[in-house]
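Q: Quick note, the sequences are listed as chains A and B, same order. Going left to right, the first sequence walks through residues 1 to 340 as the numbering used here numbers them. Going left to right, the second sequence walks through residues 1001 to 1340 as the numbering used here numbers them. Cβ atoms here follow ideal geometry from the backbone N, Cα and C, with glycine treated the same way. Pasting in a structure now, in structure tokens, and then I'll have a few things to ask.
There are 2 protein chains.
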Amino acid sequence: MIKIVVDCFGGDRSPQANVEGSVNALSKFQDLHLILTGDEKTIEECLSDKKYDKSRLEIVHAPEVVGVDEKPTDVIRLKKESSMIKGIKLLRTEDDIAGMVSVGSTGALVSAAMLRVGRLKGVIRPAFCPILPTMNGGIVGVCDSGANVDVSPLHLVQNAIMASLYLENVYDVKNPRVALLNIGTEEEKGDDLRKKAFQMLKETEGINFVGNMESRDLLTGKYDVVVCDGFSGNVLIKSTEGACLEMLKKLKKDIASRLINKIGALFMYKMFMQEKAFMDYQNYGGSVLLGTSKVVIKGHGSSKAIAIEKCIEQAYKMELSEMSEKIEKALEKYEDIIIE
Amino acid sequence: MIKIVVDCFGGDRSPQANVEGSVNALSKFQDLHLILTGDEKTIEECLSDKKYDKSRLEIVHAPEVVGVDEKPTDVIRLKKESSMIKGIKLLRTEDDIAGMVSVGSTGALVSAAMLRVGRLKGVIRPAFCPILPTMNGGIVGVCDSGANVDVSPLHLVQNAIMASLYLENVYDVKNPRVALLNIGTEEEKGDDLRKKAFQMLKETEGINFVGNMESRDLLTGKYDVVVCDGFSGNVLIKSTEGACLEMLKKLKKDIASRLINKIGALFMYKMFMQEKAFMDYQNYGGSVLLGTSKVVIKGHGSSKAIAIEKCIEQAYKMELSEMSEKIEKALEKYEDIIIE
Chain A
1 MIKIVVDCFG
11 GDRSPQANVE
21 GSVNALSKFQ
31 DLHLILTGDE
41 KTIEECLSDK
51 KYDKSRLEIV
61 HAPEVVGVDE
71 KPTDVIRLKK
81 ESSMIKGIKL
91 LRTEDDIAGM
101 VSVGSTGALV
111 SAAMLRVGRL
121 KGVIRPAFCP
131 ILPTMNGGIV
141 GVCDSGANVD
151 VSPLHLVQNA
161 IMASLYLENV
171 YDVKNPRVAL
181 LNIGTEEEKG
191 DDLRKKAFQM
201 LKETEGINFV
211 GNMESRDLLT
221 GKYDVVVCDG
231 FSGNVLIKST
241 EGACLEMLKK
251 LKKDIASRLI
261 NKIGALFMYK
271 MFMQEKAFMD
281 YQNYGGSVLL
291 GTSKVVIKGH
301 GSSKAIAIEK
311 CIEQAYKMEL
321 SEMSEKIEKA
331 LEKYEDIIIE
Chain B
1001 MIKIVVDCFG
1011 GDRSPQANVE
1021 GSVNALSKFQ
1031 DLHLILTGDE
1041 KTIEECLSDK
1051 KYDKSRLEIV
1061 HAPEVVGVDE
1071 KPTDVIRLKK
1081 ESSMIKGIKL
1091 LRTEDDIAGM
1101 VSVGSTGALV
1111 SAAMLRVGRL
1121 KGVIRPAFCP
1131 ILPTMNGGIV
1141 GVCDSGANVD
1151 VSPLHLVQNA
1161 IMASLYLENV
1171 YDVKNPRVAL
1181 LNIGTEEEKG
1191 DDLRKKAFQM
1201 LKETEGINFV
1211 GNMESRDLLT
1221 GKYDVVVCDG
1231 FSGNVLIKST
1241 EGACLEMLKK
1251 LKKDIASRLI
1261 NKIGALFMYK
1271 MFMQEKAFMD
1281 YQNYGGSVLL
1291 GTSKVVIKGH
1301 GSSKAIAIEK
1311 CIEQAYKMEL
1321 SEMSEKIEKA
1331 LEKYEDIIIE
């Protein structure tokens, strides 16, 4: 049985979406056991009209909710009765719980995971690895997308190793092509961090490092793993999302502005719906925090039930493929290195 | 008379596009004088079928061409007879020449401009400021998009001041809203560089600093100037371009894949053409290098005649609005500061 905690509060569609996604995941995986944290009565109400295997779902009452703008340190100190911190506590104290899914405040979740759950052996700092669809039907993982903004070349090497294992084990990408995000493809490009990381990545065993990449190639399908610091990774992800979203919005507006466009759009209705689904992050789950001793998945704040279900699936597959053991093995040689 | 050098070689469509764009700019601005650098015979051939005011166009023969992958230091040292370096030399030696437009190697152009043309008084390091269209019909300037990758908070403050003046004077944007690119909008977000820059920007007089921005808001029209280091600025620009381009490509492919989509697209032909033009960087000129003592504009490597014409127009307007004097005046107080 794989046990996963679902923090049922803190998102725009919580707790309804969280509960519905949980129930759907339960019916998908027969050896999955879920622990829902949050206000017991509210969760029970959400469950009341649903059919599910009651022996594989439990509720842990947590009356408080973490707000988006709360200071992470305050959350950890003062919000002990919140659905997020109670979940983190379960992760810390119960050996048989594999991981946790939350759509609450990113800052609070990262801090709580780092401080209360801890890192796997050899990991200097955990890093986020969201998955994006590429335009040729594949996927690409970006690591790190915002967990650490001050990094050394070794952080980037570890991001490469962890993300490579993740794509290989959870998404069945064989021998993932790992690229270093840079401002040009030539070896000597970029700042000192990138130049040093490039040399180290070239010599890193067990990964398929293919060189520098420019951000305009993120969606082309040329690469499977993009390695970057948390700042530029965040810019990369959010500007890509932003550009796609704004373009779709503009198209929609322009279609609505003239009758002939509306007629044309009717013919293309199915196609537009497919484009929308393709672009919708709801279908790609959440962002896994690679390197913590238990699996931690951060879903989008506006996650619907389908996104929650995918997040749970990610956590489930992480555990099933023994990602933690594999990361520790791959990072064995870094166990004695102390940075920061 | 405003004199501008046009480097006629080094782009994918050079020299034809460069020459055609030059001729078009000449007919647009009656007090414009252009100096075309490059192989004289080839340029003359390109000019042979064109009508233009011969008294306002001269050719300076330069038999060599700078390749895209050549090392900037080698270019400056060894390619003295190239169209780019000869142009830079003219900029350096002829007082009455206001600026230069080039679509050649960015690295070589930046290095040559820094070393041979120099900086305006008070400027620590020049920075690129490309202009992008926003989805509500406006524009946004991103400064820096790749000239400096190792920066201090003061660089960011100077980028803000220079880009603000640029948008105000060349694009008539009143009191431009300046935002700091960050990984969240809250004041305390980001790395040390961003935190320090935020405080300094808040206290900088003469700019309209509106706080941090997330990259997903680049195209929404919420901001007029985005301030960033050259690394993340480069990621921002290129991932936005990449996402838009890849999306258009996907749409095109999906339309072609089914007859019903093709029929629909016929109705929407005009709209799609407008979207394409809207997205086409050819219509937005080049990226100005703010802070050099003479105007330097870097056009896209694949610039067509229209893009060259726009680049010349940018240089012309920079000179007309006395940008150099305005930047020096705004940065007066930094004259004695020495960094790096």
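#1: Just to confirm the assignment, what range does the beta strand (DSSP E) spanning Asn1208 of chain B have?
#2: CB-CB under 7 angstroms to Glu1040 of chain B, same chain, minus the five flanking residues each way: which ones, in chain order?
#3: Identify, in the order they occur along the chain, each residue of the same chain with its Cβ nearer than 7 angstroms to the Cβ of Pro15 of chain A, setting aside the five sequence neighbours on each side.
#4: Check the Cβ-Cβ distances between Phe198 of chain A and every residue of chain B, and say whether any is below 8 angstroms.
#5: State yes or no: is the C-beta of Ala330 of chain A within less than 8 angstroms of the C-beta of Leu180 of chain A?
#6: Leaving out the 5 sequence neighbours to the left and right, which residues in its chain are closer than 6 angstroms to Ile88 of chain A when beta-carbon positions are compared?
#7: Under 7 angstroms Cβ to Cβ from Asn1024 of chain B, same chain only, skipping five residues before and after it: list those, please.
#8: Taking 8 angstroms as the CB-CB limit, is Val288 of chain A close to chain B?
#9: Less than 6 angstroms between C-beta atoms, sequence neighbours within five positions excluded: which residues of the same chain meet that for Met1373 of chain B?
#10: Go ahead and label Ile942 of chain B buried or exposed: buried means 16 or more other beta carbons lie within 10 angstroms of its beta carbon, across all protein chains shown.
#11: Taking Lys1326 of chain B as the query, report the chain A residues whose CB atoms sit under 7 angstroms from its CB, ordered along the chain.
#12: I need the straight-line Cα distance from Pro72 of chain A to Ser83 of chain A, nearest angstrom please.
#13: Measure from the C-beta of Ala1330 of chain B to each C-beta in chain A and report whether the shortest distance is under 8 angstroms.
#14: Let me see if you follow: with CB-CB separation under 8 angstroms, is Phe9 of chain A close to chain B or not?
#15: Quick check on the DSSP output: the alpha helix (DSSP H) that includes Gly242 of chain A runs from which residue to which?
#16: Using the rule of at least 16 other Cβ atoms within 10 Å of the residue's Cβ for burial, across every protein chain shown, is Asn1283 of chain B buried or exposed?
#17: Can you find the residues in the same chain that come closer than 6 angstroms, C-beta to C-beta, to Lys326 of chain A, ignoring five residues on each side of it along the sequence?
#18: Looking only at C-alpha atoms, which of A:Ala17, A:Gly291, A:Pro133 sits nearest to Tyr281 of chain A?
#19: Give me the residue from A:Lys238, A:Gly184, A:Thr93 with the minimum Cα distance to Val142 of chain A.
#20: Could you tell me whether any Cβ in chain B is nearer than 8 angstroms to the Cβ of Asn212 of chain A?
#21: If the cut is a Cβ gap below 7 angstroms, which residues of chain A does Leu1260 of chain B touch?
#22: Entirely within the region 14-75 of chain A and at least 4 residues each: give me those alpha helix (DSSP H) ranges in chain order.
#23: Counting only the same chain and skipping the five closest in sequence on each side, list residues whose C-beta sits under 7 angstroms from that of Lys1003 of chain B.
#24: Counting only Cβ pairs nearer than 7 angstroms, list the residues of chain A close to Glu1241 of chain B.
#25: Whole beta strand (DSSP E) runs in the region 145-220 of chain A with 3 or more residues, listed along the chain?
#26: Alpha carbon to alpha carbon, what distance is there between Lys1249 of chain B and Glu993 of chain B?
#27: Does Phe1209 of chain B get closer than 8 angstroms to chain A when you measure Cβ to Cβ?
#28: Between Glu1328 of chain B and Arg1056 of chain B, what straight-line distance do the alpha-carbon atoms span, to the nearest angstrom?
#29: Does the distance from the C-beta atom of Gly242 of chain A to that of Leu1218 of chain B stay below 8 angstroms?
#30: For Cys1129 of chain B, write down the residues that DSSP places opposite it in a beta bridge.
#31: Does the beta-carbon of Arg1077 of chain B have 16 or more other beta-carbons within 10 angstroms, so that it is buried, or is it exposed?
#32: With the cut-off set at 8 angstroms, would you say Met162 of chain A and Gly291 of chain A are in Cβ contact?
#33: Run down chain A in chain order and give the residues with a C-beta less than 8 angstroms from the C-beta of Ser1232 of chain B.
#34: Hey, quick one: how far does the beta strand (DSSP E) through Ala108 of chain A stretch, first residue to last?
#35: If you follow the alpha helix (DSSP H) that Lys327 of chain A is part of, which residue opens it and which one closes it?
#36: What residues are listed by DSSP as bridge partners for Met100 of chain A?
A: Considering the structure as presented:
#1: 1208-1214
#2: Ile1059, His1061
#3: Cys8, Phe9, Gly38, Thr42, Ile43, Cys46
#4: no
#5: no
#6: Ala112, Arg116
#7: Ala1305, Glu1309
#8: no
#9: For residue 1373 of chain B there is no data in the structure shown, the boundaries of chain B being 1001 and 1340.
#10: With chain B running from 1001 to 1340 in the structure shown, residue 942 of chain B is simply not present.
#11: Going along chain A, no residue has its Cβ under 7 angstroms from Lys1326 of chain B, so there is no contact; the nearest lies around 29 angstroms.
#12: 14 angstroms
#13: no
#14: no
#15: 230-257
#16: exposed
#17: Leu165
#18: A:Pro133
#19: A:Lys238
#20: no
#21: The identity of residue 1260 of chain B in the sequence shown is Ile, whereas the question assumes Leu. Correct list: Phe267.
#22: 16-28, 40-47
#23: His1033, Ile1035, Asp1096, Ile1097, Ala1098
#24: Arg216
#25: 177-181, 208-213
#26: Residue 993 of chain B cannot be examined here, being either before or after the span of chain B that is shown, 1001 to 1340.
#27: no
#28: 30 angstroms
#29: yes
#30: B:Val1288
#31: exposed
#32: yes
#33: Phe231, Ser232, Val235
#34: Careful: Ala108 of chain A lies outside any beta strand (DSSP E), inside the alpha helix (DSSP H) at 106-112.
#35: The residue you asked about is not Lys; residue 327 of chain A is Ile in the sequence shown. Per DSSP, Ile327 of chain A belongs to the alpha helix (DSSP H) from 323-330.
#36: A:Val5, A:Val296
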